[in-house]
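*Asks:* Residue numbers (our numbering): 12 to 314. Before anything else, here's the structure in question.
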Ligand SMILES: Nc1nc2c(ncn2[C@@H]2O[C@H](COP(=O)(O)OP(=O)(O)O)[C@@H](O)[C@H]2O)c(=O)[nH]1
Ligand SMILES: [Mg+2]
Ligand SMILES: [Zn+2]
């Protein structure tokens with residue numbers, strides 16, 4: 012038995028769900044009760060600070076207030092927005108209103124592959140599409156990742172999406188206007204996220220924080236709604252490693268082990284494109300990204 016006020020046994024575990032300037036909301040892992048927490052002073056000296064999704068040890072003080080003592084080691088970390096312990100990224104896209112180019116989908120895919128996280132692709136607004144459009148999309152992406160057809164308007168595919176979110180932390184990403192917030196509102200009507208680009212723009216000024224919020228959904232799981240990644244810039248990717256993030260390229264099968272799949276003889280990737288085993292649009296995105304990365308590298312060279 013211990014009578015110390017700083018008794019370690021009163022520490023509990025919780026998940027960081029959101030921030031209010033220098034306070035954070037911690038949801039107790041067992042009870043789900045929310046505590047508004049301060050950080051223990053030692054965090055000021057340390058380089059590491061909690062982010063959304065962190066599992067922390069905290070100590071309840073009075074009422075719903077507490078103090079965060081410790082961050083449990085992160086499984087992984089996504090940046091812009093900063094989220095810890097992500098299980099998967101749901102890339103939401105649309106083919107009408109807005110007509111998102113495949114190239115943009117490939118940029119999101121690349122950024123998530125770079126982080127090594129599992130991907131699920133959601134084609135939303137299928138109520139606006141002809142079957143042929145959906146099939147074309149599924150031909151390209153269905154052999155690489157799970158692809159779900161959804162409509163936040165008609166409810167198509169919502170139950171399937173829910174089942175993929177169960178017991179996981181999922182980050183929703185995708186271009187503005189594709190229906191991320193609408194899908195989440197359909198999944199759990201209590202979320203009441205702002206939808207529509209105009210309200211989204213108005214909403215931005217009101218919040219003092221730009222950090223991501225972790226939302227618990229009734230059917231099970233945690234989600235983070237994002238306004239897309241802050242930028243689709245391919246920061247931190249080297250041109251030579253780009254090919255590794257295109258999962259369908261079997262790089263080791265080319266004649267040259269460092270083949271860039273552009274014009275080298277004995278290129279297996281280009282062979283597979285001819286045989287329709289690799290999608291031409293994916294390859295075109297690859298060539299475009301490769302050019303961009305090389306231009307950036309050339310312009311960074313000392314003169
Ligand atoms: N027709 C149709 N419209 C949708 C669907 N999902 C969302 N929308 C509309 O698309 C607009 C943008 O949706 P929103 O959820 O704000 O997109 P976000 O920027 O990705 O969060 C809103 O006007 C929604 O009503 C859908 O499945 N079908
Ligand atoms: Mg939104
Ligand atoms: Zn090759």
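All residues carry an ideal CB built from backbone N, CA and C; glycine is no exception.
Secondary structure at residue 292, three-state DSSP: helix, strand or coil?
*Replies:* Note: residue 292 maps to helix in three-state DSSP.
*Asks:* Does residue 63 come out as helix, strand or coil in the three-state DSSP assignment?
*Replies:* If DSSP states are grouped into helix, strand and coil, residue 63 belongs with the strands.
*Asks:* If you count every other CB in all the chains shown that lies within 10 Å of the CB of residue 146, and 16 or more means buried, which is it?
*Replies:* So residue 146 counts as exposed.
*Asks:* With three or more beta-carbon pairs closer than 8 Å as the criterion, would you say the region 116-132 touches the region 94-101?
*Replies:* They touch, by the three-pair rule.
*Asks:* Let me check you understand the geometry: is the CB of residue 238 closer than 7 Å to at least one non-hydrogen atom of ligand 2?
*Replies:* Answer for residue 238: yes, Cβ within range of ligand 2.
*Asks:* Look up residue 40 in the DSSP assignment and say whether it is helix, strand or coil.
*Replies:* Looking at residue 40 - three-state DSSP - the assignment turns out to be coil, as it is neither helix nor strand.
*Asks:* Compute the distance between the beta-carbons of residue 93 and residue 237, then report whether it is under 8 Å.
*Replies:* No; because the gap between Cβ atoms is not below 8 Å, this pair is not in contact.
*Asks:* Closer than 7 Å: is that where the CB of residue 191 sits relative to any heavy atom of ligand 2?
*Replies:* Under cutoff, so the answer is yes.
*Asks:* DSSP on residue 227, reduced to helix/strand/coil?
*Replies:* In the structure shown, residue 227 sits in a strand (DSSP, three-state: E or B).
*Asks:* Buried or exposed: where does residue 139 fall if 16 or more other Cβ atoms within 10 Å of its Cβ makes it buried?
*Replies:* Result: exposed.
*Asks:* Can you find the residues in the same chain that come closer than 7 Å, C-beta to C-beta, to residue 291, ignoring five residues on each side of it along the sequence?
*Replies:* Closer than 7 Å at the Cβ level, and outside the excluded window around residue 291, lie 284.
*Asks:* Residue 113 by DSSP, collapsed to three states: which one?
*Replies:* If DSSP states are grouped into helix, strand and coil, residue 113 belongs with the helices.
*Asks:* For the beta strand (DSSP E) containing residue 135, name the first residue and the last one.
*Replies:* First-last for residue 135: undefined, no H or E at that position.
*Asks:* Within 7 Å: the Cβ of residue 197 and any heavy atom of ligand 2?
*Replies:* No, the Cβ of residue 197 stays beyond 7 Å of every heavy atom of ligand 2.
*Asks:* With DSSP run on the structure shown, which of helix, strand or coil describes residue 51?
*Replies:* Looking at residue 51 - three-state DSSP - the assignment turns out to be coil, as it is neither helix nor strand.
*Asks:* Under 8 Å by Cβ, that's how I've got residue 272 and residue 254 pegged, so tell me the actual separation to the nearest angstrom.
*Replies:* Going by Cβ atoms, the distance from residue 272 to residue 254 rounds to 6 Å, so yes, they are a contact pair.
*Asks:* From 82, 78, 42, 249, pick the residue whose C-alpha is nearest to that of residue 58; which is it?
*Replies:* Among 82, 78, 42, 249, the Cα nearest to that of residue 58 belongs to 82.
*Asks:* Looking at residue 134: is its Cβ nearer than 8 Å to the Cβ of residue 148?
*Replies:* Cβ atoms of residue 134 and residue 148: closer than 8 Å.
*Asks:* Counting C-beta neighbours from all protein chains within 10 Å, is the total for residue 40 16 or more, i.e. buried, or is it exposed?
*Replies:* Exposed is the call here.
*Asks:* Which runs of the beta strand (DSSP E) at least 3 residues long sit entirely within the region 225-286? Give them in chain order.
*Replies:* DSSP runs (the beta strand (DSSP E)) wholly in the region 225-286: 225-227, 233-236.
*Asks:* Just to confirm, is the Cβ distance from residue 62 to residue 95 under 8 Å?
*Replies:* Cβ atoms of residue 62 and residue 95: closer than 8 Å.
*Asks:* Please identify the residue among 118, 277, 235, 275 whose C-alpha is closest to the C-alpha of residue 204.
*Replies:* That would be 235, whose Cα lies nearest to the Cα of residue 204.
*Asks:* In this structure, does DSSP put residue 310 in helix, strand or coil?
*Replies:* Residue 310 falls in the helix class under three-state DSSP.
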